[in-house]
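Just so you know, our numbering puts 1421 at position 28 of the sequence shown, and the rest follows in order with no gaps.
Ideal Cβ placement from N, Cα and C applies to all residues, glycine included.
Here is the structure we will look at, set down as structure tokens.
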Amino acid sequence: MFGDNDNIRQEFLSFDRDRTGYITKNELRQAMQSVYGEQLSDRQINAMIDEVDGNDDDMVNYEEFVMLMSNK
1394 MFGDNDNIRQ
1404 EFLSFDRDRT
1414 GYITKNELRQ
1424 AMQSVYGEQL
1434 SDRQINAMID
1444 EVDGNDDDMV
1454 NYEEFVMLMS
1464 NK
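Below is the structure:
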């Protein structure tokens, strides 16, 4: 289990390029393209964020990212 959490943390950090502690829509789009080879539309990006954005800030924090990754 610890290894999984460490992997998720590393993946979060690779998405959070500016190290703000949040993943923006643009960072998510770039990461999905570079890491997974997926070109996502604005609608798909918004849906992914809306699915886990508990504080309605249109960004993904670490806790929300864990939820997003568990839904993959």
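So, is residue i buried or exposed, given that buried needs 16 or more other C-beta atoms within 10 angstroms?
{"i": "residue 1409", "result": "buried"}
{"i": "residue 1422", "result": "buried"}
{"i": "residue 1395", "result": "Confidence is the limiting factor: at residue 1395 the pLDDT is only 42, short of 50, which leaves the residue's position unreliable and the question unanswerable from this model."}
Below 8 Å on the Cβ atoms is my contact criterion, and I expect residue i with residue j to pass it. Report the Cβ-Cβ distance as a whole number of Å.
{"i": "residue 1452", "j": "residue 1417", "result": "5 Å"}
{"i": "residue 1449", "j": "residue 1457", "result": "That pair is no contact at about 11 Å."}
Starting from residue i, follow the alpha helix (DSSP H) in both directions and report where the run begins and ends.
{"i": "residue 1425", "result": "1418-1429"}
{"i": "residue 1441", "result": "1435-1445"}
{"i": "residue 1462", "result": "1455-1463"}
Specify whether the region 1396-1415 and the region 1456-1463 touch according to this definition: at least 3 beta carbon pairs, one from each stretch, less than 8 Å apart. yes
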